[in-house]
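So for the sequence shown, our numbering puts the first residue at 5; every next one is plus one.
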Amino acid sequence: MTGRMKNFFPYPFREGQRKLIRFIQKEIWNGSVCVSAATGFGKTPVILASLLPYVEKFGAKIIWAVRTGNETDRPIEELKAIDLKKGGNFYGLSYRGKRDMCLLAREIKTEGEMDYDDVSFLCRARSDECKYRQNLEDFKAWELVKSPMPYSEILNACREREVCPYLAQRSLLAHADVVSLSYNYIVDEKMAWSIRREIPFRRSFLVVDEAHNLQHACSNLFSDKVSLGTIANAIREAEEIATPKAEGIKQLLLKMKTRIEGLLPEVSQEDAEFDARGFFSSLIESEGGYECLLEELMVMRDLGAKVRAKQLSLGRRPRSSLFHLANFCLSSLENLEVRGIAFLCTEERKNFSIERWDMRAAEVLRGRWREFLGCVFCSGTLNPVKAFAETVGIDSYSSKSVPSNFDQGKIVSLITKGLTTKGESLSREMANRYVKAIKDFAECIKANVAVFSASYRIQDGLLRAGIKEAVEDLGMRFFKETKEMIGDRARSVLENFKACAGTDSPGFLCASASGRFAEGADFPGEELVGIFLVGIPFERMSARTRIYLNYYKELYGEDKGSYYAYVVPALRRASQSLGRALRSKEDRAALVCGDERYAEKRFFRLLPDYFQSKAEAVNLSQMRRKLMSWAHKTQRIKKITQV
């Protein structure tokens, strides 16, 4: 079998790759396989090469699930490389949602960019008059079944033929050996059926990429939030409709508003638990019973659908607060007594919000994994695998942790003594100490560096202590991530920071370990050379954190519950942040864990192997000497390799 494997692997084998292929092939038929391997190992082609023999021999399928639609192309590009070696035997496609695939939505100019729900509504509302849907009658799917197709190729091919790309890709599913799609198509049953109908899960292998994100993805999918602003907008919509039914709904909305406003004095900007049972019980009583309230909420939803249609006809995004609020209330009523679903309230910029927070993962996902021939879960930060498996409902599994293959001679790993963010707040003295240490860190490296703070609260403390001024005194360009930063602004900050690499004014990125730059962003080569972690990124002990901890303690017991819910996620965030500077064997990196608690065994053993192998606990003067020595050595190596 090993000889055949070479034919499916499109590159020369590197250390550990052939062994992992054999391991996956041996264990996949027993259920689930968990693979922890750092970025740069080549997980994608290795896993494809492991499973494709069974596609060829038994007609099995591979469903590759990724965190976001933007990541679906990678497995298909690797399948293309394999196809070149195999002579075009395999077909696959990158499967995207309606928001990306609707040509009609691209043509219609609306005020504001439409999201998935908006485009889905547009699709339903305009389906009878959509020429792209009508042209599908003459579409011959087999014409596109030639070589693996990433998203852009499917979109362009359908644009040329003037057919609906979303429905066209669905007709291509039956021909695919490999399909790459977002987690949502696996986790959410409302979306899973459309895939399962064309590719039966019982005949498919599932690969979950970056699987450490599963809990968060599951929670995001099934949680929802409304606010007093939502209710105010819903009242305005009801007034504009001005029918007897709308007037009745307006009265219900006013009751909701009054009850929620009565809670305002009791809630601060911190999350607090919301008494959803009491809130809905009072509405049930005022509306004459449970069935009467349900009926009114369904009327509210119908009115909201009409508002959405009107908005679309006016060239606006098809949004309605009536529609959103009705769905929120209906789903909340259905889940009031479900363990693992909590209700929170908070005051945000003078707007009171209520969130239905679904904390469940294992309960929701356990049954899904059993539907497949076998599952492969992979990530660079899957460890500890036992904690991961238990919290996402994997009952039986085999695991493999692949040692990282980074050049340890190009890495310096330090834990600082005398620095810590432990406690309720960061004292002025400790903040000043951090600023001095970070300035020394940046001055020694003289290249692009990032400081990932344990929280935005800690980041604010550093800013007040003068971190910006300190690094600008060194001639560095300062870039800051904010909690509210949106996509375009974030991309601009990232691009400008990267552009500083190799210049006389290197970049300094001030960000949060729980933010968008700490995971998912790639910084190859000299784009990011040094990383300094300020504290351990534990969740702040708010009402939300306490509710989450209590839920996990109910599920797994006191000690294990705290470990799974509080310790593991924090060290996983720290590990993700450290990994930003290392993408290949050629990269050099200075990694500083700026909190003496990282040296404690319970935390240290959860850090990446490339950090652990040469880690030293140092005081601040020793840190400076170590960094200067490392910078001198790696710069010399860099010059030699460039000759």
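Using N, Cα and C, we set each Cβ at its ideal position, and we do this for glycine too.
Which residues DSSP lists as bridging residue 401, in chain order: 36
Between the CA atoms of residue 170 and residue 163 - distance to the nearest angstrom: 11 Å
Own chain partners of residue 540 with C-beta closer than 8 Å, once the 5 adjacent residues on each side are dropped: 425, 458, 574, 575, 578, 599, 601, 602 and 607
Secondary structure, alpha helix (DSSP H): runs of 4+ residues fully inside the segment 368-399: Fully enclosed alpha helix (DSSP H) runs of 4 or longer: 389-395.
Residues near residue 80 by beta carbon distance below 6 Å, same chain, minus five either side: 96, 98, 152, 154 and 184
Bounding residues of the alpha helix (DSSP H) (the contiguous stretch that carries residue 53): 47-62 is the span of the alpha helix (DSSP H), which, as asked, contains residue 53.
Environment of residue 629 [buried if 16+ CB atoms lie within 10 Å]: exposed
Neighbour-count burial assignment, residue 342, 16 or more Cβ in a 10 Å radius: exposed
contact_flag[the segment 200-218, the segment 368-382] where n(CB pairs < 8 Å) is 3 or more: yes
With 16 other Cβ atoms within 10 Å as the buried cut-off, status of residue 21: buried
Unbroken beta strand (DSSP E) run spanning residue 465, endpoints: Counting along the chain, residue 465 falls outside any beta strand (DSSP E), though it belongs to the alpha helix (DSSP H) covering 460-468.
Residues sharing a beta bridge with residue 535, DSSP: 454 and 595
Residue 619 to residue 638 span [Cα, whole Å]: 17 Å
Distance between residue 244 and residue 141 (C-alpha atoms, nearest Å): 41 Å
Stretch-stretch touch, CB-based, cutoff 8 Å, three pairs: the segment 367-376 with the segment 181-200: yes
Of the listed residues 260, 251, 531 and 16, nearest to residue 288 (C-alpha basis): 260
CA-to-CA distance, residue 177 to residue 1, given in whole angstroms: For the chain, the structure presents residues 5 to 647; residue 1 sits outside this window and is missing.
Environment of residue 158 [buried if 16+ CB atoms lie within 10 Å]: buried
Unbroken alpha helix (DSSP H) run spanning residue 562, endpoints: 562-566
Helix, strand or coil at residue 13 [DSSP, three-state]: coil
Residue 412, buried or exposed, once every other Cβ within 10 Å from all chains shown has been counted against 16: With fewer than 16 other Cβ atoms from the protein chains shown falling within 10 Å of its own Cβ, residue 412 counts as exposed.
Proximity winner among 633, 15, 225 and 33, relative to residue 376 (alpha-carbon distances): Of the candidates 633, 15, 225 and 33, the one whose C-alpha sits nearest the C-alpha of residue 376 is 33.
Beta-carbon gap between residue 85 and residue 49 smaller than 9 Å: yes
C-alpha gap between residue 202 and residue 29, whole angstroms: 25 Å
Boundaries of the beta strand (DSSP E) in which residue 362 is found, first to last residue: 355-362
Supposed close pair residue 416, residue 594 - CB separation, criterion 8 Å: Right, their Cβ atoms sit about 5 Å apart.
Contact check, residue 466 vs residue 435, beta carbons under 9 Å: yes
Buried versus exposed, by CB contacts within 10 Å (16 or more), residue 616: exposed
Which listed residue (166, 106 and 405) has its alpha carbon closest to that of residue 139: 166
When 456, 414, 307 and 100 are compared against residue 188, the one with the closest alpha-carbon: 100
C-alpha gap between residue 438 and residue 470, whole angstroms: 10 Å
Best match in 442, 404, 263 and 197 for proximity to residue 419 [C-alpha to C-alpha]: Between residue 419 and the set 442, 404, 263 and 197, the nearest pair of CA atoms involves 442.
Reference residue 186, options 104, 70, 111 and 292, closest by Cα: 70
Residue 490 burial status per 10 Å Cβ neighbour count (16 or more: buried): exposed
Integer Cβ distance of residue 517 from residue 485, believed to fall under 8 Å: Wrong, their Cβ atoms sit about 11 Å apart, outside the cutoff.
Whole-angstrom C-beta distance between residue 318 and residue 291, which should lie under 8 Å: Not a contact, Cβ separation roughly 32 Å.
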